[in-house]
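Student: Mind looking over this structure? Questions follow.
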Amino acid sequence: MERELMTIGELAKRMGVTVRTLQYYDKEGILKPSAFSEGGRRLYAAKDMIKLHQILSFKYLGFSLEEIKNHILPLDTPEEMVSLLLQQQKAVQEQIENLQEAVQSIEAFRIEVENIKSVDFKKYAEIIELLRMGNSVYWVWKFFDDTLSDHIKERFSDDPDSAEKTYRTYLHLLDEACLFVRRGESPESANSMALAEKWWNMIMDFTGGDMTLLPKLESFNSDKTGWDKELAQKQYEVDDFIGKVLDCYLKKQGMHIPEMEVES
26 MERELMTIGE
36 LAKRMGVTVR
46 TLQYYDKEGI
56 LKPSAFSEGG
66 RRLYAAKDMI
76 KLHQILSFKY
86 LGFSLEEIKN
96 HILPLDTPEE
106 MVSLLLQQQK
116 AVQEQIENLQ
126 EAVQSIEAFR
136 IEVENIKSVD
146 FKKYAEIIEL
156 LRMGNSVYWV
166 WKFFDDTLSD
176 HIKERFSDDP
186 DSAEKTYRTY
196 LHLLDEACLF
206 VRRGESPESA
216 NSMALAEKWW
226 NMIMDFTGGD
236 MTLLPKLESF
246 NSDKTGWDKE
256 LAQKQYEVDD
266 FIGKVLDCYL
276 KKQGMHIPEM
286 EVES
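This is the structure in structure tokens:
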């Protein structure tokens, strides 16, 4: 009878697995040997090889050993198998999408590392966290000094959606300002004052009313090297106009902002 059986080494060689794998499958009750030799060696029959082939096939499809043991091998009908395969197909598709997002994040992070031009693991970690959260403003992080970075983490870490909303507001107001500039809107018009109010509220929302951050933001805006090109072009286009409308708006509100020294 033993001549019709395979030792664990023979089965492992035929199926391209290790002896240790088969020992583990036996221990976990996934694939038990059909018999044992007088010396206690595991012996496997042809049916065991077929079962091992099934196990390896389902592992290839991404199923865990626990799923194979407890959910797949006990199945009785094709309908049950189809249902399980559909579930696995959905799970694998989600994995593919997650990996695609990871590839995009790696590429984005690589570009940011090249732009930073110095090894800064603190900045790296912050950018990676923004990428992980799907935040589209990660690119600005490399330009922020520790004061701005710490402020943003303190103000928005518990509510990243709020930071994203502020950025979207900025993009909307920037487009509106470009439209005003291109049509020659007067900095003192009612439309300009309405824009200035929204722009100022956006700044206050971002800073939390901390006026000491205004010079930091001015410094950030003064050097647009490394900005998204389209965004930088729009901001260059409106810088002078925004300065005038804000000055007019603040005077109308009876507010005076001391002249800010732009940090180099």
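Quick note, our numbering runs 25 ahead of the 1-based positions in the sequence shown.
Heads up, the beta-carbon is just placed ideally off N, CA and C, and yes, glycines get one too.
Everything numeric in this text was worked out from a predicted model, so none of it was measured.
Who are the near neighbours of TYR50 in its chain, counting only those whose CB is closer than 6 angstroms to its CB and skipping five residues on each side?
Tutor: The answer, listed in chain order, is LEU56.
Student: Taking the C-alpha atoms as reference points, what is the distance between HIS78 and GLN129?
Tutor: Answer to the nearest angstrom: the Cα atoms are 36 angstroms apart.
Student: Return yes when the C-beta of ASP253 is under 7 angstroms from any heavy atom of the ligand COA, and no when it is not.
Tutor: Although the ligand COA was asked about, the structure shown includes no ligands whatsoever.
Student: Among the candidates ARG67, GLY41, GLN113 and TYR274, whose CA atom is the shortest distance from the CA of LEU30?
Tutor: Ranking the options by Cα distance to LEU30, first place goes to ARG67.
Student: Between which two residues does the beta strand (DSSP E) harbouring LEU47 extend?
Tutor: From DSSP, LEU47 is part of no beta strand (DSSP E) but of the alpha helix (DSSP H) over 44-52.
Student: For ALA60, which beta-bridge partners are listed by DSSP?
Tutor: According to DSSP, which records beta bridges pairwise, ALA60 is partnered with LEU68.
Student: Do you know offhand how far PHE82's Cα is from THR102's?
Tutor: Looking at the sequence provided, one finds Ser at residue 82 rather than Phe. Near 18 angstroms, if we compare the C-alpha coordinates of THR102 and SER82.
Student: Could you check what DSSP says for THR250 in three-state terms: helix, strand or coil?
Tutor: It is coil, neither helix nor strand.
Student: Going by beta-carbon coordinates alone, are THR203 and LYS254 separated by less than 8 angstroms?
Tutor: One point to set straight first is that residue 203 is Cys, not Thr, in the sequence displayed. No.
Student: Kindly list the residues whose CB is nearer than 8 angstroms to the CB of CYS273, restricted to its own chain and excluding five residues on each side of it in sequence; keep chain order.
Tutor: So the list reads PRO212, GLU213, SER217, MET218 and ALA221, once near-sequence residues are dropped.
Student: Between the beta-carbon of LEU173 and the beta-carbon of LYS241, is there less than 8 angstroms?
Tutor: Yes, the pair counts as a contact, with Cβ atoms nearer than the cut-off.
Student: Whose C-alpha, out of VAL42, THR32, LYS72 and LEU86, is nearest the C-alpha of GLY64?
Tutor: The option with the nearest alpha carbon to GLY64 is THR32.
Student: Could you work out which residue in GLN120, LYS277, VAL206 and ILE93 is closest to GLY54 when comparing CA atoms only?
Tutor: Here the closest residue by C-alpha is ILE93.
Student: Using the rule of at least 16 other Cβ atoms within 10 Å of the residue's Cβ for burial, across every protein chain shown, is ALA215 buried or exposed?
Tutor: Result: exposed.
Student: Where does THR172 sit, in a helix, a strand or coil, going by DSSP?
Tutor: Note: THR172 maps to helix in three-state DSSP.
Student: Report the option in GLU179, MET229 and MET74 whose CA atom is closest to the CA atom of THR194.
Tutor: Nearest option by C-alpha distance: MET229.
Student: Rounded to a whole number of angstroms, what is the C-alpha to C-alpha distance between LEU275 and ASN226?
Tutor: So the alpha carbons of these two residues sit roughly 12 angstroms apart.
Student: Are ILE97 and PHE88 closer than 8 angstroms when you measure CB to CB?
Tutor: In contact: ILE97 and PHE88 (Cβ atoms closer than 8 angstroms).
Student: Within 10 angstroms of the Cβ of PRO58, are there 16 or more other Cβ atoms? Answer buried if so, exposed if not.
Tutor: With 16 or more other Cβ atoms within 10 Å, it is buried.
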